[in-house]
Amino acid sequence: MSGNVSGAGGTDRFEGSTQGGGAAAAEGGVGEGGIEPGQVRRLWHLLEPLHAVLYYAPESFEEAAALGFGTEERWPSYFPYRAAPLGPVGAERVASAFYSFSPRMVDEHIASAWRTASPQEVLAARERSVDRAYRALLGDGIAGPQMAEAAALARRAAEAANTAGRPLAAAGAALDWPEPPHLQLWHAATILREHRGDGHLAALLVAGLDPVDSLVSFAAIGAASVERFESRGWSPREWAAGRERLAARGLVDAGGVATDAGRALRREVEERTDRLAAGPWQSLGPDATGRLADLLGEFWVAVIGSGLLPAETTLGIGKV
């Protein structure tokens with residue numbers, strides 16, 4: 010899952026094992042509460058596009074331009090939109106929380122971000138963006154009973170998320186809940202995806218994969234092309250050094266393709282990520298979690314069918 014969605018504009022599009030009881034219990038155990046690993050990952054696959062609309066919708070670029078951010082590509086608005094819940098923090102803090110982006114790239118977009126608009130102004134703009142985008146994509150569905158029910162269930166899961174040690178999830182959870190159900194659904198999806206993402210970074214650290222190594226190892230198993238991962242701003246020299254480190258560990262071969270050991274390590278990372286992301290769904294329970302998955306299908310189809318989101322992403326959705 011390394012990092013956030015990648016790509017620019019509309020050039021690409023989204024596609025849409027457990028350990029024993031001791032380890033599972035220590036890490037938020039998948040299997041507890043009747044929630045299986047596949048269900049945890051399924052909810053991520055369903056909710057991620059609903060969150061990611063913010064970074065691709067034309068309404069988001071219009072709101073960003075009104076604040077004074079560039080719109081020639083998505084990064085000038087992506088970084089402040091995603092970082093705004095943290096407050097007016099500097100590039101070092103953002104790079105730490107986002108993990109897989111080159112600090113140079115983060116600094117390029119964050120150094121002047123809060124001089125262009127305050128975090129509070131950015132938060133208001135992103136809420137307007139999602140409101141407008143959802144209205145355009147979902148039409149009358151935003152006012153229907155399915156939306157109200159889905160929003161209520163997703164909010165219950167998000168409010169149950171343990172945000173200790175998860176800076177992006179905690180920052181999102183500290184924000185006030187919007188009133189309209191469709192905005193509650195987006196806010197819940199955002200908290201839950203950042204909760205999963207923060208846990209994913211912990212899994213990468215346990216695996217000994219630094220920001221560059223995490224991308225090189227993910228590309229090595231075919232999660233996305235090397236060119237797609239280049240969007241994270243690392244230089245060819247840095248990428249090559251990461252490949253050399255992984256080769257020394259026996260995780261990739263001379264061509265940068267994952268070895269059996271490399272695939273096993275990435276599988277462990279994704280399974281650990283699922284375990285760490287399971288808590289909110291265990292709290293919600295299997296029946297309500299299944300019901301939410303069913304309700305999200307209609308909205309997921311509308312977002313995916315819009316053509317706004319990329320098919321190839323650095324998250325590996327559809328491939329892990």
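Start counting at 1 in the sequence shown, then tack on 9, and there's your number in the working numbering. Glycine included, every Cβ here is placed at the ideal spot set by N, Cα and C.
**Prompt:** Would the beta-carbon of Phe107 fall within 8 Å of that of Val98?
**Reply:** For Phe107 and Val98, no; Cβs fall outside 8 Å.
**Message:** Is the beta carbon of Thr298 closer than 8 Å to that of Ile44?
**Reply:** Contact flag set, yes.
**For Gly265 and His191, the rounded distance between their alpha carbons** = Here the alpha carbons of Gly265 and His191 stand approximately 43 Å from one another.
**Request:** Take Gly38 and list the residues in its own chain whose beta-carbon comes closer than 6 Å to its own, dropping the five residues that flank it on each side.
**Result:** Note that Gly38 scores 44 on pLDDT, short of 50, meaning its location in the model is unreliable and no value can be drawn from it.
**Item:** C-alpha gap between Leu95 and Arg137, whole angstroms
**Value:** Their Cα atoms are separated by approximately 19 Å.
**Request:** Determine, using beta carbons only, whether Ser234 and Arg275 come nearer to each other than 8 Å.
**Result:** No; because the gap between Cβ atoms is not below 8 Å, this pair is not in contact.
**Prompt:** What is the rounded straight-line gap between the Cα of Ala249 and the Cα of Ala256?
**Reply:** The alpha-carbon atoms of Ala249 and Ala256 are separated by roughly 10 Å.
**Prompt:** Which word fits Val343, buried or exposed, when buried means at least 16 other C-beta atoms lie within 10 angstroms of its C-beta?
**Reply:** The structure shown does not extend to residue 343, since the chain spans only 10 to 329, so no value can be given for it.
**Prompt:** Taking contact to mean at least 3 C-beta pairs separated by less than 8 Å, is the stretch 207-219 in contact with the stretch 62-70?
**Reply:** At 8 Å Cβ cutoff, the stretches do not touch.
**Asked** What is the rounded straight-line gap between the Cα of Pro58 and the Cα of Glu253?
**Response** Going by the C-alpha atoms only, they are around 34 Å apart.
**Request:** Drop a sphere of 10 angstroms on the beta-carbon of Gln193, count the other beta-carbons inside from all chains shown, and report buried for 16 or more, exposed for fewer.
**Result:** By the neighbour-count rule (16 or more Cβ atoms within 10 Å), Gln193 is buried.
**Item:** Between the CA atoms of Ala197 and Ala161 - distance to the nearest angstrom
**Value:** One C-alpha to the other measures close to 9 Å.
**Message:** I'd like the list of long-range same chain contacts for Glu210, defined as Cβ closer than 8 Å, with 5 residues on each side in sequence excluded.
**Reply:** Position check: residue 210 holds Leu in this sequence, whereas Glu was assumed. Same-chain partners within the cutoff: Tyr108.
**Request:** List in chain order: all unbroken beta strand (DSSP E) runs of 3+ residues lying wholly within the stretch 54-124.
**Result:** Correct list: empty.
**Message:** Spatial neighbours of Leu317 within its chain, please: C-beta separation below 7 Å, excluding the five flanking residues on both sides.
**Reply:** For Leu317, same chain residues with a beta-carbon under 7 Å away, outside a window of 5 residues either side, are Gly19, Val62, Tyr65, Ala66 in chain order.
**Request:** Leaving aside the five residues before and after Ala180 along the sequence, list all residues of the same chain whose C-beta is less than 7 Å from its C-beta, in chain order.
**Result:** Apart from the 5 residues on each side of it in sequence, Ala180 sits with its Cβ closer than 7 Å to the Cβ of Pro94, Leu95 in its chain, given in chain order.
**Prompt:** Residues in its own chain within less than 8 Å of Leu301 by CB, not counting five upstream and five downstream?
**Reply:** The answer, listed in chain order, is Leu52, Ala159, Leu162, Ala163, Ala166, Leu293.
**Asked** Where does Ala32 sit, in a helix, a strand or coil, going by DSSP?
**Response** Below a pLDDT of 50, predicted positions are generally treated as unreliable, and Ala32, at 35, falls in that range; no measurement from the model is reported.
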